[in-house]
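To keep things clear, I will list the structure first and then write my remarks on it.
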Amino acid sequence: MNTKVPSITGWKLFWLIGTLVLAMSALLLALNADPVEGTRSVIRATARTSFALFLAAFVASSLNTLVPSDFTRRLMRERRYVGLSFAFSHLVHLMAIFSYGVLNPQFWPSRNTLTNTPGTVGYVFIALLAITSFHVVSRHMTAASWKRLHTVGMWVIAAIFGYSFFKRIPTMSVLYAIPFSMLCAAVAVRLVGKWAQANKRRQAHARGSYHNVPSPNALESLS
Ligand code: HEM
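Below, the structure is given as structure tokens:
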């Protein structure tokens, strides 16, 4: 009997996650009698779905190096779609923020350039990472500049998540220390994973150059 579970990959995975994020948002709005509070719940909930998807994309490669398994290999393969799902979830976060601004006229006046700057920078990077995930755009970039943009972008977004959770620990709830600690753990996994990858590359490179060094016998045969 074939018990293989059909796996959802690529764009199907993206649409599945996107549909779940939209369904969750619709449910929160439907369950909340007050549309203002409902919209605020959507802002919070999409920040959390975005965080989970971002973490998965952030550690995928390192996790696959440190603890290779079927799951980490699949996560690594689907990294692009998980990343795009994160961008979609955060687009819903943005749409909910604008709706909240309309429903609650005190929202935007209560904010200023300083409080909006980290989020705005975050959205600029999310947009850049998302559009450069498409070959039609990325083919105009060198591999090195693509890599640099994606590395810097991922770290900037991680820092904004860290800041968003950390600032809520003293003002809102000590429970925000949980996602903040999860982010710290993910940073450690990513750093150790990248270090292990660099080490592997160095060793492979050293082995490659060792094999290219002619042995004394080869030198003798050349002389
Ligand atoms: C200018 C852009 C942004 C604005 C105006 C904004 C606004 C908000 C608002 C109003 C909340 C809900 C606060 C509450 O009711 O507790 C929120 C929550 C949050 N946002 Fe954003 N946001 C922006 C961009 C971002 C970005 C780029 C990120 C991450 C990369 C982010 C991550 C978060 C997180 C982690 C939360 C907390 C969710 C929770 O309560 O668990 N936001 N944001």
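Under my numbering, think of the first position of the sequence shown as -3, with each following residue one higher.
Even glycine gets a Cβ: it sits at the ideal position worked out from N, Cα and C.
Apart from the five residues just before and just after residue i, which ones in its own chain have a Cβ nearer than 6 Å to its Cβ?
| i | result |
| --- | --- |
| V38 | S21, L24 and A92 |
| F176 | F161 and F162 |
| F10 | Y77, L80 and S81 |
| T45 | V17 and S85 |
| Y172 | F161, R164 and I165 |
| G189 | S58, T61 and L62 |
Reducing DSSP to helix, strand and coil, say where residue i ends up.
| i | result |
| --- | --- |
| P166 | helix |
| D30 | coil |
| R107 | coil |
| H136 | coil |
| N100 | coil |
| N213 | Legend: pLDDT at N213 = 35, less than 50; position of this residue unreliable, no value from coordinates given. |
| S85 | helix |
| T128 | coil |
| P64 | coil |
| S3 | coil |
Using a Cβ-Cβ cut-off of 7 Å (strictly less than) and excluding sequence neighbours within five positions of residue i, which residues of its own chain qualify?
| i | result |
| --- | --- |
| A214 | Residue placement at A214 cannot be trusted, given a pLDDT of 32 that sits under 50; the coordinates are not used to answer. |
| S194 | For the sequence presented, residue 194 should be read as Ala rather than Ser. The answer is none, since no qualifying residue turns up. |
How many whole angstroms separate the CB atoms of residue i and residue j, which I take to be in contact at a CB cut-off of 8 Å?
| i | j | result |
| --- | --- | --- |
| G149 | F130 | Incorrect: roughly 15 Å between the Cβ atoms, too far for contact. |
| G118 | I165 | In fact, because the Cβ distance is near 19 Å, the residues do not count as touching under 8 Å. |
| F54 | A200 | That belief does not hold up - the Cβ atoms of F54 and A200 are roughly 25 Å apart, past 8 Å. |
| G158 | L187 | The pair is not a contact, with the Cβ atoms about 14 Å apart (cut-off 8 Å). |
| A182 | L87 | Not really, about 22 Å apart at Cβ, beyond 8 Å. |
In its own chain, which residues sit with a C-beta less than 8 Å from the C-beta of residue i, not counting the 5 before and 5 after it?
| i | result |
| --- | --- |
| P31 | L25 and L99 |
| N28 | G34 and S37 |
| L90 | Y119 |
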